[in-house]
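For the sequence shown, this note's numbering begins at 73 and goes up steadily by one.
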Amino acid sequence: MAESLSSPGIELPSPMLSARLRELAGFLAAPMAGRLTEEQRALSLGIARRLVADAAQMPGDAIDAAMLWGEWLEGGLPTAARLAAACYARAEEHRWREHSAMRAIAPVSAADESGDPATAAVPEMPPMVDRAYLALQIADRRRFDARGHPRIALADADPELLRALLGDIAAWRVRQPGKGGVSAFDPDDFVQRALDRHSPAAGIDRAARAYHASLGTASAVAAAATAAIAAHDWPALIALAACEQRRSYADMAFALLSAEPAALPALLAPLRLDRAALAPLEASLAALPSRTDGEAAR
């Protein structure tokens, strides 16, 4: 048996086995390093699946998204690195918000009697701000599927990622047999028709900019951000911080999640918040299990 293993004629490992060995080698090289939890894996994979299915249906073609996903899941996803970054960032934001919501649950009577500003009633918004805030909530709701699972809405997808993903889907479709053994499928036409239907106007970045603009003044933005932190309204906070820094919502969310605690004041400095106002945010991020930290993000 030993001779057969050492034989120069031994077959090379399959791609699947090679991937497993690389994964094991990475683990053995740093067994105590932070690793993805099962929750993080499942969320990221689910977000990737939903994005692939949504993109496949963009042009209205009859593409079997289930078959497509099944083959990619078995053989490896194209555009994996870029897709993984987007899906992981969305998954971490979802974990943070879910965990924060569970920790924030408290009896209403206790909250009213405590006098805690974090549970105080939010001042009534002017009509214009109220409409913009509602539009932000609607845009955020599109980032979930019908069952409440997190997704990357097509309107929020990075254009380069979306183009690459559509190209991969088209390449997969070309390899599928057509009627009579001849396929009339045009991959370039598929990608272009999909991009023509892409409408970032309904995305959360547009809604964030409208909400930020509706507040009008720096003091109003700071007050809204302070109220958002106190209420654990993280989408509103992320939206305002993203606009102040001219970043996308997704980038800002991941920046918050990957920042060291000591870096949060500097990261949110453009919002002009009091140091004490950051306490609920710091506590919420610190309590997130297996949180991405600054070192891991690098």
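Think of the CB as a built atom: it goes at the ideal place given N, C-alpha and C, for glycine as much as any other residue. It should be emphasised that the depicted structure is a prediction, and the values quoted were computed from it without experimental measurement.
Burial state of residue i (16 or more Cβ within 10 Å)
i	result
residue 116	buried
residue 210	exposed
residue 361	exposed
residue 290	exposed
residue 130	buried
residue 186	Because the pLDDT at residue 186 is just 45, under 50, the model does not fix this residue reliably, and the value given afterwards should be weighed accordingly. It counts as exposed.
residue 275	buried
residue 208	buried
residue 348	exposed
residue 162	buried
residue 215	buried
residue 92	exposed
residue 121	buried
residue 346	exposed
residue 164	buried
residue 225	buried
Within 9 Å, strictly: CB atoms of residue i and residue j
i	j	result
residue 356	residue 168	yes
residue 222	residue 118	yes
residue 257	residue 133	yes
residue 123	residue 244	no
residue 333	residue 311	no
residue 268	residue 320	no
residue 37	residue 270	Beyond the ends of the chain as shown, which are 73 and 370, falls residue 37; an answer cannot be given.
residue 204	residue 327	no
Inter-residue spacing [alpha-carbon to alpha-carbon] between residue i and residue j
i	j	result
residue 325	residue 266	27 Å
residue 295	residue 336	18 Å
residue 323	residue 249	40 Å
residue 329	residue 113	17 Å
residue 145	residue 283	39 Å
residue 341	residue 247	52 Å
residue 172	residue 351	13 Å
residue 175	residue 110	21 Å
residue 318	residue 138	37 Å
residue 353	residue 147	41 Å
residue 160	residue 308	21 Å
residue 305	residue 152	32 Å
residue 272	residue 108	31 Å
residue 264	residue 126	16 Å
residue 201	residue 166	25 Å
residue 220	residue 212	12 Å
residue 89	residue 217	34 Å
residue 16	residue 156	No answer is possible for residue 16: the residues shown for the chain start at 73 and end at 370.
residue 199	residue 97	58 Å
residue 288	residue 87	56 Å
Own chain partners of residue i with C-beta closer than 6 Å, once the 5 adjacent residues on each side are dropped
i	result
residue 154	233
residue 16	With the chain represented from 73 up to 370, any question about residue 16 goes unanswered, as that position is not in the structure.
Chain-order list of residues whose beta-carbon lies under 8 Å from that of residue i (same chain, five-residue window excluded)
i	result
residue 143	244
residue 262	131, 133, 238, 241, 242 and 245
residue 128	135, 137, 140 and 241
residue 197	205
Close-in-space but distant-in-sequence residues of the same chain around residue i (CB under 7 Å, 5 per side omitted)
i	result
residue 94	none
residue 343	293, 294, 297, 312, 313 and 316
residue 230	158
residue 281	315
residue 170	none
residue 363	329 and 357
Proximity test, residue i beta-carbon vs the ligand NAD heavy atom, cut-off 8 Å
i	result
residue 218	In terms of ligand content, the structure shown is empty, and the ligand NAD therefore cannot be addressed.
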